[in-house]
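In what follows, a single structure is set out as structure tokens and then discussed.
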Amino acid sequence: MMRQYELVERVTRYNPEADEALLNKAYVYAMQKHGSQMRASGDPYFSHPLEVAAILTDLRLDDATIAVALLHDTIEDTDATRSEIDSLFGEEIGKLVEGLTKIKRLDLVSQKAKQAENFRKLLLAIADDVRVLLVKLADRLHNMRTLQHMPEHKRGRIAEETMEIYAPLAGRMGMHDMREELEDIAFHTLNPEAYETITSRLSDLRDRNAELIKDIETTLTERLSERGMAAEVRGREKRPYSIFRKMQRKAIGFEQLSDIHGFRVTVGTVEACYRVLGVIHTTWPTVPGRFKDYISTPKQNDYRSIHTTIVGPSRQRVELQIRTISMDRVAEYGIAAHALYKDGEFGGRNIARHTEDCRAFEWLRRTTELLAQGDTPEEFLENTKLELFHDQVFCFSPKGRLIALPRGATPIDFAYAVHTGIGNTCVGCKVNGKIMPLVTELRNGDEVEIIRSPAQTPPPAWEAIAVTGKARAAIRRATRESVRKQYGALGEHILKRAFARADKAYSEDLLEAVLAEHHQSSVADLLAAVGRGDLSAQMVLKSAHPDYQDERVAISGPLTEEGWFGLKQGQGLKFRIPPDALAADKNTAEQSDDPGEGPALPIRGLSGDIPVTFAPDGGAVPGDRIVGILTPSEGLTIYPIQSPALKEFDDQTERWVDVRWDIDLNNPERFPARLDISAANEPGSLATIAQVIGENSGNIDNVKMVQRARDFHQMLIDLEVWDLKHLNRIINQLRSKPNVSSVNRVNG
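So for the sequence shown, full-length UniProt numbering puts the first residue at 1; every next one is plus one.
In structure tokens, the structure reads:
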């Protein structure tokens, strides 16, 4: 176990101005608090925070972060308190230790809601101070290094959550060395057979290629030296999990991998990077399509380097990375490297401030912004995982703005990456100047122009197309808001009619006064609840006007040819219409409003401003007299008045809503209808029926054979028509065909 003076020496070696008194006090305090506690390995528990602190010294972090590492388990596992730590070490360190305590347990395999909520806490704590993440990652790394001492049934859970959350987070923060070590240990635990196979193959390959690696290192160093360039050339080998992941992703074998061995060339300046590239490309032939310049276009985690692949000696493909010393530091330590230098000076005590201009930290801030957008914890976790795991492509706006997106992203993701408002009003796109579908997968270097319309709202189906968490969350919110507005408009209409029929005053002030009684937070929520059918208009009316007496008359009896029609909303009266009028309704009767009731709710179709569906097994078409049935959480279902299905709602008068057709002649719509047809069982019968419907501009949605006999077939045909006259014309022409014995319209 590391001694107290050894820890202090490790810190002062890279930060001579470190607060040694703080480090000594934290060391002694943590050791005393953990006392005789033991780890599963049999080591003293204090060895764990000490090793976490040692990992952070390798990252050259400030003395406050090292102190937090020593103290990070004291509140959780000892009798230490936040106030005690504040008094001894200051409020800054106390806040960090408490932040780590709150996110100590992240159960990422079971209890999904709890897992997601804890993950939100983690990212919020990180966004407040990035040192929380650095200590948390170091804590997880040491736990993974000692995973073999844990009970076997816990190892898989810990390895899985490491692979799902901690390793990707380390990668997102640019800490690639830590990410690769976390992934390899987790991979060894989760898939030991594959791990052993790959490490064995790597060992064999290492022995065979030892001379090749040395040859390339020597040759490249000599060529650079001849041109007066000082550079460090280092060979490197891919990690087992990185190899396994590439084999899985590209569905290739170990022998087909071309970049198991690579080289890293480190120089002093950016200009020297490009000079080295010229030397390499004039020494060995390059592999087309294997060049990437992350210096001119850095990754979102601040990674900068030039990648190129050459055909080296023995015709072996070899990947080379060219970068400066500072780029190499960022590539290894990511966001932690921002603690080291600021304008050429050591900035160890100000890591939190120095990460403000870090691109990786910008991603973290954008991610935490989603927390305030109303997503559920489960949705937030899902969206964040999507962003954690994706590689990136770089696209451009017409004005040259660079947008980094996950691989597989579409123009929808691009639009939302630019701005949520642009995504919500997107109706089309141009990719490289050509109009393309919104489902087009974007590629590196694409120029994307978004075509917008202020009348557009994102359809729910976009959520399945979008790849980024930001786009999915925005589409989900816009969909919820759109549906809420639709239900709100419907609820307002229903309430106003109910108040008018009862001859009672209606105002938002009256509704605000009864919000608490109905457990609603706003008038908009109340209206939406009424529109969804979760709250009846009668209940709101009685709450707003306690003196109101319901004068509805109960009507019983079946709905027949002479049956009941219509509903006086608020009074509950149904009024009888003559049989001849009802018969006329079935053919050509036109809808008219009852003069005593005021205007009925206008119904246009499925694309109107309120949530509307049409009755199953028959639908309704303009020309039918119709009634709306309010279904909780679904909106209005429109039935023709002759539908036998209305019997089911005869005793649920509060669900009936007066409706009328509101047809836009400039934008006609088709409506659903169903026909029951009996036709002769002979070749060409179905073709004849389809021809009649097609010649009359009908649109067949579905055909179902109900009964088959030797001499006839009975079938149900769902079709779409413009109105009742259109439907009747089709019915009459079908009846005139000699091989059609009967045609009847189905109304439920």
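Virtual Cβ for every residue (Gly too), placed ideally from N, Cα, C.
Counting only runs of at least 4 residues, the region 233-306 fully encloses the following alpha helix (DSSP H) elements, listed from N- to C-terminal order: 240-250, 270-283. The C-alpha of leucine 716 lies about 26 Å from the C-alpha of phenylalanine 649. Partner residues in the beta bridge of asparagine 702, as assigned by DSSP, are Asp718. Here DSSP, grouped into helix, strand and coil, assigns histidine 545 to coil. Secondary structure at asparagine 744: strand, using DSSP grouped into helix, strand and coil.
Taking the CA atoms as reference points, valine 28 sits about 10 Å from leucine 71. The distance from the Cβ of leucine 22 to that of aspartate 63 is about 6 Å, consistent with a contact at the 8 Å cut-off. Contact check for leucine 511 against valine 523 passes: the beta carbons are separated by less than 7 Å. Three or more Cβ pairs drawn from the region 161-174 and the region 320-339 lie within less than 8 Å of each other, which places the two stretches in contact. For proline 49, the enclosing alpha helix (DSSP H) covers residues 47-58. Here the alpha carbons of methionine 150 and glutamate 237 stand approximately 30 Å from one another. The beta-carbon distance between valine 706 and alanine 673, rounded to whole angstroms, is 17 Å. This is too long to meet the 8 Å contact definition. For valine 28, the enclosing alpha helix (DSSP H) starts and ends at 20-34. Judged by beta-carbon spacing, threonine 65 lies beyond the 7 Å limit of arginine 140, meaning their Cβ atoms are not closer than that value. Taken through DSSP and simplified to helix, strand or coil, serine 522 comes out as coil. The count of Cβ pairs closer than 8 Å, one atom from the region 448-465 and one from the region 421-434, reaches three, so the stretches are in contact. Contact between phenylalanine 244 and isoleucine 295 does not hold, since their C-beta atoms are separated by about 29 Å, which reaches or exceeds 8 Å. When the Cα atoms are used, valine 612 and valine 746 turn out to be separated by approximately 20 Å. Counting along the chain, no beta strand (DSSP E) covers glycine 488; the unbroken alpha helix (DSSP H) around it starts and ends at 469-501.
CA-to-CA, the gap between valine 135 and histidine 142 works out to about 11 Å. It is roughly 10 Å from the alpha-carbon of leucine 630 to the alpha-carbon of isoleucine 494. Of the candidates Asp617, Lys496, Arg670, the residue whose Cα lies closest to the Cα of alanine 645 is Asp617.
Inclusion of alanine 502 and tyrosine 548 in the CB contact set at 7 Å is warranted, their separation being smaller than that value. 7 Å or more divides the Cβ of valine 621 from the Cβ of leucine 719.
Nearest C-alpha to leucine 7 among Pro44, Gln37, Gln32, Glu51: Glu51. Assigned with DSSP and collapsed to three states, leucine 402 falls in strand. Contact annotation: leucine 182 and alanine 159 have beta-carbon atoms that are not nearer than 7 Å. For histidine 149, the three-state secondary structure derived from DSSP is helix. A contact is defined here as three or more CB-CB pairs under 8 Å, and the region 677-688 fails this definition with respect to the region 654-661. With distances taken between CA atoms, proline 313 lies nearest to Ile216 out of Ile216, Ser225, Glu319, Arg401. The three-state reading of DSSP puts threonine 688 in helix, counting H, G and I together. A distance below 6 Å between beta-carbons, with the five flanking residues on each side excluded, links glutamine 321 to the following residues of its chain, in chain order: Arg264, Ser305, His307. Glutamine 37 sits in coil when the DSSP states are folded into three classes, being neither helix nor strand. Cα atoms of isoleucine 93 and methionine 31: separation of roughly 17 Å, rounded to the nearest angstrom. Counting along the chain, the unbroken alpha helix (DSSP H) around alanine 415 starts and ends at 411-418.
Rounded to the nearest whole angstrom, the CA to CA distance from leucine 137 to leucine 59 is 12 Å.
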